[in-house]
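S.K.:
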Amino acid sequence: MRVLMFGWEFPPHISGGLGTACYGMTRGLAYCGVEVIFVVPKSYGDEDQTSVKLVGASQVPIKRRTYAFTEERQFGVEAIKTSHALEMTYIEVGSKLLPYLSPEEFQKYSHEHLQKNELSLHEFDNGTTRGSSVLTEVVGTMEFTGKYGPDLMQEVSNYALVSSEIAHEQTFDIIHAHDWLTYPAGIAAKRMSGKPLVVHVHATEFDRSGENYNTVVYDIEKSGMEQADLVITVSNLTRNIVINRYGINPDKVVTVYNAVEPGTESGAEVFVKAVDEKVVTFLGRITYQKGPEYFMEAANKVLKHSNNVRFVMAGSGDLLRKMIRYAARLGITEKFHFTDFLKGRDVDNMFAVSDVYVMPSVSEPFGISPLEAMRSNVPVIISKQSGVSEILKHAIKVDFWDVDAMADAIYGLITYESLPLMFQHYGRDEVNNLRWENAALLIKNQYTNLLSSRNNPL
Amino acid sequence: MKNICLYFQLHQPFRLKRYRFFDVGQDHYYYDDYLNKLILKKVAQRCYIPSNELLYSLLTEFGGQFKVSFSLTGILLDQLELYAPEVIESFKKLAKTGHVEFLSETYSHSLAVLGSTEEFKNQVTLHKEKIESLFGMTPTVFRNTELVYSDAIGEQVSKMGYKAMLAEGAKHVLGWKSPNFLYYNVLDPKLKVLLRNYKLSDDIAFRFSNHSWSEWPLTSEKYLQWLKGSPANEDFVNLFMDYETFGEHQPVESGIHQFLDHLVRLIIKDPETGFALPSEIVESHQSVGPLSVPYPSSWADEERDLSAWLGNEMQKEAFNKLNSVRNLVLQANDEDLSRDWGYLQASDHLYYMSTKFFADQAVHNYFNPYNSPYDAFINFMNIVSDFIIRLEKKTKRVVYKGIPIDELTGAPLNDAITEYEGVLKILRQKRGPINKVTDSKLLKSSNTKGPITKTSKKKKN
Numbered sequence: 008m009r010v011l012m013f014g015w016e017f018p019p020h021i022s023g024g025l026g027t028a029c030y031g032m033t034r035g036l037a038y039c040g041v042e043v044i045f046v047v048p049k050s051y052g053d054e055d056q057t058s059v060k061l062v063g064a065s066q067v068p069i070k071r072r073t074y075a076f077t078e079e080r081q082f083g084v085e086a087i088k089t090s091h092a093l094e095m096t097y098i099e100v101g102s103k104l105l106p107y108l109s110p111e112e113f114q115k116y117s118h119e120h121l122q123k124n125e126l127s128l129h130e131f132d133n134g135t136t137r138g139s140s141v142l143t144e145v146v147g148t149m150e151f152t153g154k155y156g157p158d159l160m161q162e163v164s165n166y167a168l169v170s171s172e173i174a175h176e177q178t179f180d181i182i183h184a185h186d187w188l189t190y191p192a193g194i195a196a197k198r199m200s201g202k203p204l205v206v207h208v209h210a211t212e213f214d215r216s217g218e219n220y221n222t223v224v225y226d227i228e229k230s231g232m233e234q235a236d237l238v239i240t241v242s243n244l245t246r247n248i249v250i251n252r253y254g255i256n257p258d259k260v261v262t263v264y265n266a267v268e269p270g271t272e273s274g275a276e277v278f279v280k281a282v283d284e285k286v287v288t289f290l291g292r293i294t295y296q297k298g299p300e301y302f303m304e305a306a307n308k309v310l311k312h313s314n315n316v317r318f319v320m321a322g323s324g325d326l327l328r329k330m331i332r333y334a335a336r337l338g339i340t341e342k343f344h345f346t347d348f349l350k351g352r353d354v355d356n357m358f359a360v361s362d363v364y365v366m367p368s369v370s371e372p373f374g375i376s377p378l379e380a381m382r383s384n385v386p387v388i389i390s391k392q393s394g395v396s397e398i399l400k401h402a403i404k405v406d407f408w409d410v411d412a413m414a415d416a417i418y419g420l421i422t423y424e425s426l427p428l429m430f431q432h433y434g435r436d437e438v439n440n441l442r443w444e445n446a447a448l449l450i451k452n453q454y455t456n457l458l459s460s461r462n463n464p465l
Numbered sequence: 003m004k005n006i007c008l009y010f011q012l013h014q015p016f017r018l019k020r021y022r023f024f025d026v027g028q029d030h031y032y033y034d035d036y037l038n039k040l041i042l043k044k045v046a047q048r049c050y051i052p053s054n055e056l057l058y059s060l061l062t063e064f065g066g067q068f069k070v071s072f073s074l075t076g077i078l079l080d081q082l083e084l085y086a087p088e089v090i091e092s093f094k095k096l097a098k099t100g101h102v103e104f105l106s107e108t109y110s111h112s113l114a115v116l117g118s119t120e121e122f123k124n125q126v127t128l129h130k131e132k133i134e135s136l137f138g139m140t141p142t143v144f145r146n147t148e149l150v151y152s153d154a155i156g157e158q159v160s161k162m163g164y165k166a167m168l169a170e171g172a173k174h175v176l177g178w179k180s181p182n183f184l185y186y187n188v189l190d191p192k193l194k195v196l197l198r199n200y201k202l203s204d205d206i207a208f209r210f211s212n213h214s215w216s217e218w219p220l221t222s223e224k225y226l227q228w229l230k231g232s233p234a235n236e237d238f239v240n241l242f243m244d245y246e247t248f249g250e251h252q253p254v255e256s257g258i259h260q261f262l263d264h265l266v267r268l269i270i271k272d273p274e275t276g277f278a279l280p281s282e283i284v285e286s287h288q289s290v291g292p293l294s295v296p297y298p299s300s301w302a303d304e305e306r307d308l309s310a311w312l313g314n315e316m317q318k319e320a321f322n323k324l325n326s327v328r329n330l331v332l333q334a335n336d337e338d339l340s341r342d343w344g345y346l347q348a349s350d351h352l353y354y355m356s357t358k359f360f361a362d363q364a365v366h367n368y369f370n371p372y373n374s375p376y377d378a379f380i381n382f383m384n385i386v387s388d389f390i391i392r393l394e395k396k397t398k399r400v401v402y403k404g405i406p407i408d409e410l411t412g413a414p415l416n417d418a419i420t421e422y423e424g425v426l427k428i429l430r431q432k433r434g435p436i437n438k439v440t441d442s443k444l445l446k447s448s449n450t451k452g453p454i455t456k457t458s459k460k461k462k463n
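Chains A and B, in that order, give the protein sequences. Per our numbering, the first sequence starts with residue 8, numbered consecutively. Per our numbering, the second sequence starts with residue 3, numbered consecutively.
1) For a cutoff of 8 Å on Cβ pairs, would you count A/A306 as touching chain B?
2) How close, in whole Å, do the beta carbons of B/A334 and B/K396 come, if the pair is a contact with beta carbons under 8 Å?
3) Check the Cβ of B/E319 against every Cβ in chain A and list those closer than 8 Å, keeping chain order.
4) Does the beta-carbon distance from A/G374 to A/G394 come in below 8 Å?
5) Check A/F289 in the structure and name its three-state DSSP category.
6) Any C-beta of chain B sitting closer than 8 Å to the C-beta of A/I398?
7) With distance defined between alpha-carbon atoms, name the residue in A/F13, A/R34, A/F17 and A/V10 nearest to A/R442.
8) Got a sec? Which residues, its chain only, sit under 8 Å from B/D336 by beta carbon, not counting five neighbours each side?
9) Take B/N381 and list the residues in its own chain whose beta-carbon comes closer than 8 Å to its own, dropping the five residues that flank it on each side.
10) Would you say B/I6 and B/L229 are within 8 Å of each other, going by their C-beta atoms?
11) Measuring only between beta-carbons, confirm whether A/M12 sits less than 8 Å from chain B.
12) Taking 8 Å as the cut-off, decide whether the C-beta atoms of B/W311 and B/L279 are in contact.
13) Is the beta carbon of B/V150 sitting closer than 8 Å to the one on B/V102?
14) From A/Q453 to A/D411, what distance separates their C-alpha atoms?
15) Applying the criterion that 16 or more other CB atoms from any shown protein chain within 10 Å of the CB defines a buried residue, is A/D355 buried or exposed?
16) Spatial neighbours of B/Y13 within its chain, please: CB distance less than 6 Å, with the 5 preceding and 5 following residues excluded, ordered by chain position.
17) Using a Cβ-Cβ cut-off of 6 Å (strictly less than) and excluding sequence neighbours within five positions of B/L61, which residues of its own chain qualify?
18) Going by the DSSP bridge assignment, what does A/D353 pair with across the sheet?
19) Can you give the Cα-Cα distance for B/I390 and B/K358, rounded to whole angstroms?
20) Kindly indicate which residue of A/K259, A/R336, A/I398 and A/I331 has the alpha-carbon position closest to the one of A/G231.
21) From A/S170 to A/K350, what distance separates their C-alpha atoms?
22) Residues in its own chain within less than 6 Å of A/S370 by CB, not counting five upstream and five downstream?
23) What are the boundary residues of the beta strand (DSSP E) that A/V522 is part of?
24) Taking 7 Å as the limit between beta carbons, can you name the residues of its chain near B/Y345, skipping five residues before and five after?
25) Compare the C-beta of B/Y402 with all C-beta atoms of chain A and state if any pair is closer than 8 Å.
26) Are the beta-carbon atoms of B/F104 and A/K308 separated by less than 8 Å?
27) Put A/T222 into one of helix, strand or coil per three-state DSSP.
28) For a test of the three-state rule: what should DSSP assign to B/F16, helix, strand or coil?
29) In angstroms with no decimal places, state the Cα-to-Cα distance between B/E304 and B/F277.
30) Does A/K404 pass the burial test, meaning 16 or more other C-beta atoms within 10 Å, or should it be called exposed?
31) Measuring alpha carbon to alpha carbon, tell me which residue in A/E218, A/P269, A/K285 and A/G24 is nearest A/R252.
32) Near A/M8, which residues of its chain fall below 8 Å by C-beta distance, leaving aside the five closest residues on each side in sequence?
33) From B/E170 to B/S73, what distance separates their C-alpha atoms?
34) State yes or no: is the C-beta of A/K285 within less than 8 Å of the C-beta of A/V360?
35) Go ahead and pull the three-state DSSP assignment for B/Q252.
36) Report the residue from A/T422, A/L378 and A/V241 whose alpha carbon sits nearest the alpha carbon of A/N440.
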C-alpha cells in the first residue's frame, strides 16, 4: 500500500505540533508496512523567488529524496528488519505556506516587516523551532512572501497545482492531506488520479479563530471534508466540530488520537533548577486559543496564599504584550516570568525545572505538549476542552474558565507531597503507552477499509 | 438443615463539599449538605423504607423462622437522624420483633484498625453505645469496615470481648477450603470467623439485574437450588451484602424486593433450609479449624485486599496525615473537632482517591462526587489542612508535618529547625534592622496594595 501524503512541515523545520505529528505518523506507518510519499512546501533562503510566480508544474522547484528514519529504535518484541519500511519518499515543493497564520495575519505581518525593514534574515535563521515560535517563523519568511505578493490563498492554490502534477507522476493507492492548507492539494490530486482522499483534521478554523472565523478558510476546510472519502480527526472534540459545524456525515468521520515519541531515557545532562520555589509552567503560543489569561488569573490566586512558587509563561504570540501588562497590573511580576519563545533544548530544560505544567487551552483539538511534560515526569493540569483530555487518565482536568479549580489544582500539586510521586509512577507509563505504532495501525486499517469498500461497492 | 445467615450492611458517608485551598483557615464547615440529604432521602425512599417494610412483614408473619442481621455505621445513623428519622423508627420496629441482630463496627466506617489501636477501640465503643441506646441490644459479633480482616485484627477484636467476626471468603484466604464452615482465629482461637460466600452473595448483590449474565433472569426457585447445592455437611451459607442492594444497586424495578420476599418464603417452606443469625451459628457450631490470614483482606474489588483504600501514594498520605494528629484531637477535647475528625476518617474519602477505578469503574463511581481521584485527594487534603489549623488554634500548639513541635525528635526535629530558620531569615530580611520608625511605616504600607510600577524588566527584548 502506498500513500501520497500532503503536509506543510516536517522536522527539523517545524513550528508547531503538526510537523511532529506527521513525523511520528509517517514513521508509524512505515513500521506498519505502508509506503509514504510525503509532499511538503518548503522555503529556502537561497531559492530563486521569481520562479514561483510562474507556477507551471515544470517550473516549480521540486526536491525529491529518500528520507530514512535515522533514530533506530526497538519496536517492541521483534525489531523489524526490512530496511525499506523505514524509509519514505520525501518531496519538497517551493512554496511559502505558513502554518498557524490566518490569511489576514499573513498579509499583515508581511506588510509590517517589509515596511519597517527592521529585521534581517540571519537573525531568524534558526531552522529548528518548537512549540511557540510563530513570530520567528513568520518573520523569517517575510522577505519571501513580500516578493510573492501577500496572498496566502494564492500560495495554497499554487501548492494544489503542483500537487496535481506530482499526483500525475507518482503511483499510489490513497491520498492523505493534513489540515486546510493542503486540502486543495489533496482535492486536486484526487481529481487527477481518481484515488480516495483522506483528510486529517488537526485543527479547525474554529479552534484557531473562535467565532470570528475566516469564511474563505472555512470554505476550503468544508470542501476538503466534503470531497474526502474519509475524515480523520485527532479527538472526539474535533470530530464533533467537524460533524456539527461543517455538516459532515458522521459515518465518514473517525477519531484517531495522536501519540508521542518515547522520551530519551538517558537525558544527557539534566538541567538543574536554580530557584528554591516550585515552578509552574505554561508553554505554548500566547494566543486566545491557548487561554494564557486563565493561567495568569490562577497564578494570581495561588500567589496570594503561597510564597513558595514561581510561574513561567513560555512562548510568544499576539497576546504576549497584553499578558505582560496584565501581570504588572496584578502586581505579580516578581514571581511571574516570561521567557518569550523557547526552542529545542530550552523546551526540555523548561520541563526539567518545572514542577507543574498547565495547559489551559480554550480549544485544543489534541494538545501534545502535556504528553511531553508527562514524559519528563512533570504533573499536568489540562483543560477539559482539549482532545488529549479524552485519553489521559493521570492528569488533572479542569474547565479552562474555572480559574478556582485551576488554582486549587496548582496549589495541591505544589503542596501535597504524594501528588508528584503519583505522576512519576503512573503518568510516565501512561504516556509511553501512547505509541505512534498503534495510532498508525488504526490509520492503516482505515485505509484498508476504504480501499476494500471501493473495490466492493455495495 | 441448611441455615441461611443473612447480614446486611448500611452506610453512607458525609460527602465533602467543594473545598478550595483559599477556603483553608476561612471556612470550617466541610460537608455537602445538599448532596448528602439528596442521596440519603433517595436511598431511604428506594431501599431502606420499602426493604424494612418487607422484612417486618416477613418477620411478623413467620415468627422465629425468619431472622436477619444488620450493621449500621454511626455516620449513617447520624445522617438518618438529620434527614430521615423515620428509618431509625422502622429499625426500632424491626428490633422489637426479637429476631434481628445488630453487629458492632467502627462508628466512622473507618480504617482506624490500621492506624491506631486506641482509636479503633474508641470508635467501636462509640458505635456500641449508639446501638445500645437506639435498639437496646448489645452486639456480640463484630464486622470491620469493608470486612477488613487479618489474624492480628481478629486477635485485637477478641480482646475487646467479641466472640466472632465476619470476614470475606476470599479465594486467596481460603484456598481449597469452603466458606460454609466456622473457623477460628489462628492467633486467638476464642474468636470464631464467619466467612462470606462471595459467589452466592454477589449473585444477588452484583449480578441480579445484569441482562448479559448467563443466569439472568435469576428466579428464587433457581437460587434456592444453588443454596441447597453445597455438600451435605456444609450446613450454613453466609450471605453478606450491602443493604442498598435492595432498591438501589439493584433497582426497585428489577423486582429485587419480590425476589427477596419469594426467596424467604421458599426457604422457610423447604424442610431442608432455614435461617440463623450470626451469633446463633457461632453458638451452635464447632469450628472446623484455624484460618490463617496474615495480610488484611476485604470484600472489595477483584483483589479483595486494601488496595482500594491504601493502594496509591495519595491515599497513604491522606490516611497518615489525618492519623498523625490524633493526640491533638484528644487534647483539644472539642465536640466539633471530634465529630469532624470522625467523619473525615470514613474510608469512602480514601476510596474516591483510588486510581483503580480506571478499571473497576462501575462500583467505584457509585455516589462518587468527584471527577477524578486527583480531584478527590486535593479536596480532602485542603480540608485536612484546615482541620489541622483549627487543632493548632484550639490546643495552642504548632504542628510540623502532623507532629506538634514540642513532641518532635530526631530527623523531623532537624528538618523543622532548618525550615523555620529559613522562614525567620526571610521575615528578618523583610523587616530590616529593628527601628521604631520603619516598623510603623511597614505597618502602614502593608495595608496598601502592591506597587503597580513593579513591572516588565523580565519581558522580552
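The beta carbon of each residue, even a glycine, is placed where N, CA and C say it ideally should be.
M.R.: Result, derived from the coordinates:
1) No - not a single Cβ of chain B is within 8 Å of the one on A/A306.
2) 4 Å
3) Per Cβ cutoff of 8 Å: Y423, E424 and S425.
4) yes
5) strand
6) Taking Cβ atoms only, chain B never reaches closer than 8 Å to A/I398, which makes this a no.
7) A/R34
8) K396
9) Within the same chain, L18, R20, Y21 and Y372 come within 8 Å of B/N381 by CB-CB distance, once the 5 residues on both sides are set aside.
10) yes
11) no
12) no
13) Not closer than 8 Å, so no.
14) Rounded to whole angstroms, the separation of the alpha carbons of A/D411 and A/Q453 is 42 Å.
15) A/D355 is buried by the Cβ-count criterion.
16) Note on residue identity: the sequence assigns His, not Tyr, to residue 13 of chain B. Cβ neighbours of B/H13 beyond the five flanking positions: T75, L78 and H111.
17) F68, T99 and H101
18) DSSP output for A/D353 lists no bridge partner at all.
19) 29 Å
20) For A/G231, the closest of A/K259, A/R336, A/I398 and A/I331 by C-alpha to C-alpha distance is A/K259.
21) Those two C-alpha atoms are separated by around 31 Å.
22) D214, Q296 and Q392
23) Any question about residue 522 of chain A goes unanswered here, given that chain A covers just 8 to 465.
24) F16, I77 and S110
25) no
26) No, the Cβ-Cβ distance between B/F104 and A/K308 is not below 8 Å.
27) helix
28) coil
29) Straight-line Cα distance between these residues: approximately 29 Å.
30) buried
31) Nearest to A/R252 by C-alpha distance, out of A/E218, A/P269, A/K285 and A/G24, is A/E218.
32) Around A/M8: G40, V41, E42, D180, I181, K451, Y454, T455 and L458.
33) 16 Å
34) no
35) strand
36) Considering only alpha carbons, the answer is A/L378.
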